[in-house]
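**Q** Chains A and B supply the protein sequences, listed in that same order.
Going by the working numbering, the first residue of the first sequence is number 3, and it counts up by one from there.
Going by the working numbering, the first residue of the second sequence is number 651, and it counts up by one from there.
Every residue, glycine too, gets a C-beta built ideally from N, C-alpha and C.
For clarity, every value in this text was computed on a predicted model and none was experimentally measured.
Dumping the structure here so I can ask a few things about it.
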Amino acid sequence: AQSVTQLDSQVPVFEEAPVELRCNYSSSVSVYLFWYVQYPNQGLQLLLKYLSGSTLVKGINGFEAEFNKSQTSFHLRKPSVHISDTAEYFCAVSGANFGNEKLTFGTGTRLTIIP
Amino acid sequence: ETGVTQSPTHLIKTRGQQVTLRCSSQSGHNTVSWYQQALGQGPQFIFQYYREEENGRGNFPPRFSGLQFPNYSSELNVNALELDDSALYLCASSLDRGLGETQYFGPGTRLLVL
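What follows is the structure, given as structure tokens:
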């Protein structure tokens, strides 16, 4: 089984400042990792995912994340945030083998951009 | 390409009643997953259907059941509603049941059980 920990429930950031949203996972098997964003009253939208290869993954809207196997982390970063980035961000993990492929989500981080 | 749609958007039921939530997947997507998102929590996996057969289930009791139809629509049924069933219910479709597949989420149905 897999689990995800998002340590920060809320992160306030000034507009145009950089941001990092932290995600740590636990798994006994190899994993795939995902970041989803949820805007108010909307469903979740995929920002980026790591399946294999380069540990630095670039996604939509200028976001990127780095897979660190030794630290079991997959932190999300953006060098300069905008008001439109205000949303809830969810990290998710799935096992990289059949039988463990269901998505397990963290509890989310609410990103608030301060003008 | 149309997105994933869900109906109704909001629903109020009383304890003990039954409810059916509906989802329309993206055309061509053979897999649909359902999630329960309680207030302030991340989505929790309920079950997944692939080509109209259940293909994995989370830690939810049997009173949570589903159906998937050939026309890319699906249903989530919940019997004997409990207060704790109040949540946002999300469906997500994906092209196949392959590992690492991107799931496309609908806007959800918000269920309130009184």
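1. How should Thr114/A be labelled, buried or exposed, when 16 other C-beta atoms within 10 angstroms of its C-beta is the threshold for buried?
2. Is there contact here, the segment 719–734 of chain B with the segment 89–104 of chain A, by at least three beta-carbon pairs under 8 Å?
3. Only counting the same chain, and skipping five residues up and downstream in sequence, which positions put a Cβ closer than 6 Å to that of Leu671/B?
4. Helix, strand or coil for Ser724/B, going by three-state DSSP, please let me know.
5. With distance defined between alpha-carbon atoms, name the residue in Ser744/B, Gln656/B, Arg747/B and Leu745/B nearest to Asn43/A.
6. So that I know if they touch, is there some Cβ in chain A lying closer than 8 Å to that of Gly716/B?
7. Tell whether a beta-carbon distance below 8 Å holds between Tyr91/A and Leu105/A.
8. Alpha carbon to alpha carbon, how far is Pro81/A from Ser54/A?
9. Can the beta-carbon of Gly748/B be found less than 8 Å from the beta-carbon of Tyr34/A?
10. Quick one: using the 10 Å Cβ neighbour count with 16 as the cut-off for buried, is Leu9/A buried or exposed?
11. Out of curiosity, what's the CA-to-CA distance linking Arg707/B and Glu18/A?
12. Could you pull the start and end residues of the beta strand (DSSP E) that Gln47/A belongs to?
13. When the cut-off is 8 Å and only beta carbons count, does Tyr27/A lie next to chain B?
14. Answer with buried or exposed for Asn70/A, where buried requires no fewer than 16 other C-beta atoms within 10 angstroms of its C-beta.
15. Taking the beta strand (DSSP E) that Lys71/A belongs to, which residues open and close that run?
**A** Taking the structure as given:
1. exposed
2. no
3. Leu726, Tyr739 and Thr759
4. strand
5. Gln656/B
6. no
7. no
8. 24 Å
9. no
10. exposed
11. 42 Å
12. Leu46 to Tyr52
13. no
14. exposed
15. Segment: none, Lys71/A is in no beta strand (DSSP E) and carries neither H nor E.
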